[in-house]
Amino acid sequence: MKKEKLLVTSALTYANGKLHIGHVAGSYLNADIFVRYQKLIENDVIYIGGTDDYGTPISLKAEEEGVSPKVIAERYNQSMKKDLEGINIQLDNFSGTSRPRHIEISQDFFTNLLEAGYVTKKTLKQLYDKKYKRFLADRYIEGICPHCKAEGARGDQCDSCGKLIDAINLIEPKSKISGKTPVIKETTHWYLNLPKFEEELRTWLSTKTYWKDNVRNFIFSWLNEGLKERAITRDLNWGVPIPLENTKGKVLYVWFEAPIGYISSTQEWAEKKGKPDLWKDYWLNPETKLIHFLGKDNIPFHTIIWPSVLMKQKEPYILPYDVPANEFLNLEGQKMSTSRNWTVWVEDFLKYFDGEYLRFYLAANAPESKDSDFYWKDFQAKINNELNNILGNLANRTFIFAKKYFDGKISKPDNLSEYSKKTLKEADKLAGYIGKSYNNYQVRKATRLLMDIARSGNKYFDETQPWVEIKNNKAKAEETLFVCMELLRIISILYSPIIPKSMKKLRKMMNLNKKILWKNLGKIPGKFEIGKVSQLFQKIEDSEIKKQLELLKATQKGRKEMIKHKEEIEYDDFSKLEFRIVKILEAGKIEKSNKLIKLKISIGGEERTAVAGISQSYEPEGLIGKKVAMLINLKPRKVMGVESQAMILSAEDDGKFAVLVPDKEVKSGSEIL
RNA sequence: GGCGGCGUAGCUCAGUCGGUUAGAGCAUCGGAAUCAUAAUCCGAGUGUCCGGGGUUCGAGUCCCUGCGCCGCUACCA
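Just so you know, the first sequence maps onto residues 212 to 884 in this note's numbering.
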């Protein structure tokens, strides 16, 4: 069979934190398993990754710590590299986008697109915050709508009349960061002309019928909404500077430049190997299959924008062959969140458990076609019931028996019984399915099928009863052991992409020293000789799981939230606000809205209508009759067609609302001072 | 509300092109066995395949519709 050439990548990870199980489940483990399988079948494959060093969160963190962003990026780059090694994810190269090589090639990419006429320069007027010395993104600006004169219009759109606004046309604009009036400054940005790519993209994408459904759905909904020009530069200090004269402070936008990191990381790899041009053998070779592993949030960038960028380079870069995207991994039934510390850091996991266990569990439970969950109890069950009881015990009972009665030496019998033949044949059939599963990114399935082989071994052992045969027909007992060892030998090959370290250990016990290759599956040895044996896996105690759950809860309670305070105000500012206790007379959902409730309230004798965005925490009926706190002299505003003449006061906690009610009975209309 | 996804056993899920009596693991109950990490093996199941309608000789699967849940998005004055 002809060797294939493959270039596999895992999505670049933001270098603003440590590696967690979401990264592993999303794009590292599945890529690593795929790559290891490709190596088993002797394809030429390299596996490339790295960190995305330019995210805004990184500059913010650097500011907080008073260091340069480069320090942060390099710190987490190293930390991730170490954690990946800790769970045996074997990348051929792990680079970072703030390294010089990457900067250079990103600039080339930009220049090529510009010269080919796919990048448009536009000068526009933007609002600039003098205090913070930066241009303001639309959502950081507020002002009066030039169309309907409503206050509180955002920089991009007026919520009152729904019209789109250019931020510089706002009347009396205010910066939301400093509260000051920004100045108008001219700035220049470069836009990628995506509409110009649309036809070419459609033609190319229409050949990708073999892509996963979730990926195709995503792309076509994007295409059908219509592609728009997108700015590929920003006014920032931390990023890849654009390679033009007099453009200080302009950098490439991360989504443009980050995927180029795959190329710069490959170059870095080639250089380390001492063959600086070797990268071209992959990136510029039409025979190479380029496969990007990533999470679903990254689909549009890798299937629309990135191919567009690649198409118009001077060198004939290959385009992605496949983009197997995973869905998300949740933790204990809740969405993971690094800011809430609701995740499991790989570094912490490795303090308590073997990395192989994480690989096994995440493989068995991978979010391939829909979101899946990491449950600690389920983790324990899978490790104990499957890895230990089924597989570990099969190896252990076979080895101990062989040691005890045969001094560890088991020869192949001259004739195998029908049952033995059938058992081996079944395993061989499963091996074929497993190979296919690996090749189709179906890690869950591969894991399940593998367990089936181990199960069949236990069944075979039980039914052939070697502990009985050893007394009256020693050869029969030896046959059983031979077949079980052969199953273990096959398993040691088949399982090596998922739990490589354990399978290596297994092979060592069996004195199997040949290189692990798929083609050796069918080569049944004439005899087995067991070396020193020990248990393959250890069980996880209830107490260990309890501890993990407690740790998880503790990080929730112990977490200190940094509250960012607003600007100090004068008493006069406060005294302008009129808060009163009002009684809710009627409440009902607003049609077509998800969060809004329409309220009829009485302030003393006066009745008004108000809109409140709290329907995720309150049923309208439950509000009727309540006396609540409201701000009543805010300028009325139409929301979803209803005029709101007061604003309810409520405390927000993680998306849930609690309305404020007085501690004692007071009459409606009472002023709050 | 718009777009997308999901709904199958107590739990986690598989179910190919529409094809017999809807499957696996875990958990539960009963049994066998004693080589083994009390591990293993056999057996027993339980199902309104979310509801309703349609297409079809035949629907978990395709179409329409209703409900529920999740993600993105708009609406939190």
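Virtual Cβ for every residue (Gly too), placed ideally from N, Cα, C. A quick note: this is a predicted structure, and the numbers were derived from the prediction, not measured.
(1) Could you compute how far the alpha carbon of Lys229 sits from the alpha carbon of Ile814?
(2) What residue from Gly261, Asn537, Phe321 and Arg445 has the CA that sits closest to Phe346's CA?
(3) I need the straight-line Cα distance from Asn595 to Ser703, nearest angstrom please.
(4) For the alpha helix (DSSP H) holding Leu660, just list the boundary residues, first then last.
(5) Can you give me the Cβ contacts of Arg469 inside the same chain, cut-off strictly under 7 Å, excluding the 5 residues immediately before and after it?
(6) Tell me the DSSP secondary structure of Asn626 in three-state form.
(7) I'd like the list of long-range same chain contacts for Lys396, defined as Cβ closer than 8 Å, with 5 residues on each side in sequence excluded.
(8) Helix, strand or coil: which one does DSSP assign to Leu810?
(9) Just confirm the distance between the C-beta atoms of Glu689 and Ser631, as a whole number of angstroms; I'd bet it's less than 8 Å.
(10) What is the DSSP secondary structure of Trp556, reduced to helix, strand or coil?
(11) Let me make sure I understand the geometry here. Which of Ala273, Ser417 and Leu217 has the alpha-carbon closest to that of Glu253?
(12) Start and end of the alpha helix (DSSP H) containing Met720?
(13) For the putative contact between Leu540 and Gly237, defined by C-beta atoms under 8 Å, what is the C-beta separation to the nearest angstrom?
(14) Among the residues of its own chain, which have a CB less than 8 Å from the CB of Ser837, if the five just before and after it don't count?
(15) So what's Gly643 in DSSP terms, helix, strand or just coil?
(16) Since Ser861 sits in a beta bridge, which residues does DSSP pair it with?
(17) Confirm, please, whether the CB-CB distance from Tyr572 to Phe885 is below 8 Å.
(18) Quick check: what's the CA-CA separation for Ala574 versus Ile244?
(19) I'd like to confirm the pairing. Which residues does DSSP put opposite Leu335 in its beta bridges?
(20) What are the start and end residues of the alpha helix (DSSP H) that includes Leu834?
(21) Using a 10 Å radius around the Cβ and a threshold of 16 neighbouring Cβ atoms, would you call Ile780 buried or exposed?
(22) Return the chain-ordered ranges of every alpha helix (DSSP H) run that is complete within the segment 556-601 and spans a minimum of 4 residues.
(23) Just to confirm, is the Cβ distance from Leu692 to Thr609 under 8 Å?
(24) On the CB-based measure, 16 or more other CB atoms within 10 Å of its CB, does Arg180 come out buried or exposed?
(25) Does the distance from the C-beta atom of Ala638 to that of Ile664 stay below 8 Å?
(26) DSSP three-state label for Pro393, please.
(27) Taking Cβ positions, are Ala613 and Ile621 nearer each other than 8 Å?
(28) To the nearest angstrom, report how far apart Asp533 and Gln301 are at their CA atoms.
(29) For Phe321, name the three-state secondary structure that DSSP assigns.
(30) May I ask you to list the residues that DSSP assigns as paired with Thr206?
(31) Let me know the secondary structure DSSP gives Ala242 once reduced to three states.
(32) Which word fits Arg310, buried or exposed, when buried means at least 16 other C-beta atoms lie within 10 angstroms of its C-beta?
(33) Lys272 to Tyr287, Cα distance in whole Å?
(34) Please list the terminal residues of the continuous beta strand (DSSP E) segment that includes Val877.
(35) Could you compute how far the alpha carbon of Glu456 sits from the alpha carbon of Leu325?
(36) Tell me which residues share the same chain as His164 and place their Cβ nearer than 6 Å to its Cβ, disregarding the 5 neighbours each side in the sequence.
From the atom records:
(1) Residue numbering aside, residue 229 sits at position 18 when the first sequence is read from its first letter. Residue numbering aside, residue 814 sits at position 603 when the first sequence is read from its first letter. One C-alpha to the other measures close to 53 Å.
(2) Position 135 of the first sequence, counting from 1, holds the residue named residue 346. If we check each option's Cα against that of Phe346, Arg445 comes out closest.
(3) Here the question's residue 595 lines up with position 384 in the first sequence. Here the question's residue 703 lines up with position 492 in the first sequence. If I take the Cα positions, the gap works out to 19 Å.
(4) The count along the first sequence starts at 1 and reaches residue 660 at position 449. Its alpha helix (DSSP H) spans residues Val654 to Thr675.
(5) Against the first sequence, residue 469 aligns to sequence position 258. Position check: residue 469 holds Ala in this sequence, whereas Arg was assumed. Hits under 7 Å: Leu223, Asp263 and Thr308.
(6) Within the first sequence, numbered from 1, the residue matching residue 626 stands at position 415. Here Asn626 sits in coil by DSSP.
(7) On the first sequence, position 185 is the one that residue 396 refers to. The residues are Lys336, Gln337, Leu338, Tyr339 and Phe346.
(8) By 1-based counting over the first sequence, the position of residue 810 is 599. Looking at Leu810 - three-state DSSP - the assignment turns out to be strand.
(9) As a position in the first sequence, residue 689 is number 478, starting the count at 1. As a position in the first sequence, residue 631 is number 420, starting the count at 1. At roughly 11 Å, the Cβ-Cβ gap does not stay under 8 Å, so Glu689 and Ser631 are not in contact.
(10) Residue mapping note: residue 556 aligns to position 345 of the first sequence, counting from 1. DSSP places Trp556 in strand when its eight states are reduced to three.
(11) Your numbering for residue 253 matches position 42 in the first sequence. Of Ala273, Ser417 and Leu217, the residue nearest in Cα terms is Leu217.
(12) Along the first sequence, read from residue 1 onward, the residue named residue 720 stands at position 509. Element bounds for Met720: Pro711 to Met720.
(13) As a first step, residue 540 must be located in the first sequence, where it is residue number 329. As a first step, residue 237 must be located in the first sequence, where it is residue number 26. Yes, Leu540 and Gly237 are in contact; Cβ-Cβ is about 7 Å, under 8 Å.
(14) Counting from 1 along the first sequence, the entry for residue 837 is found at position 626. Here the sequence assigns Lys to residue 837, which means Ser is not the residue at that position. If we look at Lys837 and ignore the five residues flanking it on each side, its Cβ neighbours are Lys794, Ile795, Val870 and Val872.
(15) Here residue 643 refers to the residue found at position 432 when the first sequence is read from its first residue. Here Gly643 sits in helix by DSSP.
(16) Translated into positions along the first sequence, residue 861 becomes position 650. Partner(s): Val870.
(17) Past the edges of the chain, shown from 212 to 884, lies residue 885, and the structure says nothing about it.
(18) Here the question's residue 574 lines up with position 363 in the first sequence. Here the question's residue 244 lines up with position 33 in the first sequence. Roughly 9 Å between the two C-alpha positions.
(19) Along the first sequence, read from residue 1 onward, the residue named residue 335 stands at position 124. Leu335 is bridged to Thr398.
(20) On the first sequence, position 623 is the one that residue 834 refers to. That run of the alpha helix (DSSP H) goes Pro831 to Leu834.
(21) Locating residue 780 in the first sequence gives position 569, counting from the first residue. Exposed, by the Cβ-count rule.
(22) 557-563, 566-575 and 587-592
(23) Residue numbering aside, residue 692 sits at position 481 when the first sequence is read from its first letter. Residue numbering aside, residue 609 sits at position 398 when the first sequence is read from its first letter. Contact: yes.
(24) The first residue shown for the chain is 212 and the last is 884, placing residue 180 beyond what the model contains.
(25) As a working note, residue 638 is residue 427 in the first sequence. As a working note, residue 664 is residue 453 in the first sequence. Taking 8 Å as the Cβ cut-off, Ala638 and Ile664 qualify as a contacting pair.
(26) Locating residue 393 in the first sequence gives position 182, counting from the first residue. If DSSP states are grouped into helix, strand and coil, Pro393 belongs with coil.
(27) Walking along the first sequence from the start, residue 613 turns up at place 402. Walking along the first sequence from the start, residue 621 turns up at place 410. Closer than 8 Å, so yes.
(28) For the purposes of this step, residue 533 is taken as residue 322 along the first sequence, with counting starting at 1. For the purposes of this step, residue 301 is taken as residue 90 along the first sequence, with counting starting at 1. Going by the C-alpha atoms only, they are around 20 Å apart.
(29) Position 110 of the first sequence, counting from 1, holds the residue named residue 321. In the structure shown, Phe321 sits in a helix (DSSP, three-state: H, G or I).
(30) Lying outside 212 to 884, the shown extent of the chain, residue 206 is not represented and no answer is given.
(31) Along the first sequence, read from residue 1 onward, the residue named residue 242 stands at position 31. If DSSP states are grouped into helix, strand and coil, Ala242 belongs with the helices.
(32) Start at 1 with the first residue of the first sequence, and residue 310 comes out as number 99. Per the 10 Å Cβ criterion, buried.
(33) Here residue 272 is taken as the residue at index 61 of the first sequence, counted from 1. Here residue 287 is taken as the residue at index 76 of the first sequence, counted from 1. Distance between the alpha carbons of Lys272 and Tyr287 is about 12 Å.
(34) Numbered from its first residue, the first sequence carries residue 877 at position 666. It is not in any beta strand (DSSP E) - Val877 carries neither H nor E in the DSSP assignment.
(35) Start at 1 with the first residue of the first sequence, and residue 456 comes out as number 245. Start at 1 with the first residue of the first sequence, and residue 325 comes out as number 114. Each residue's Cα considered, the two are about 14 Å apart.
(36) Lying outside 212 to 884, the shown extent of the chain, residue 164 is not represented and no answer is given.
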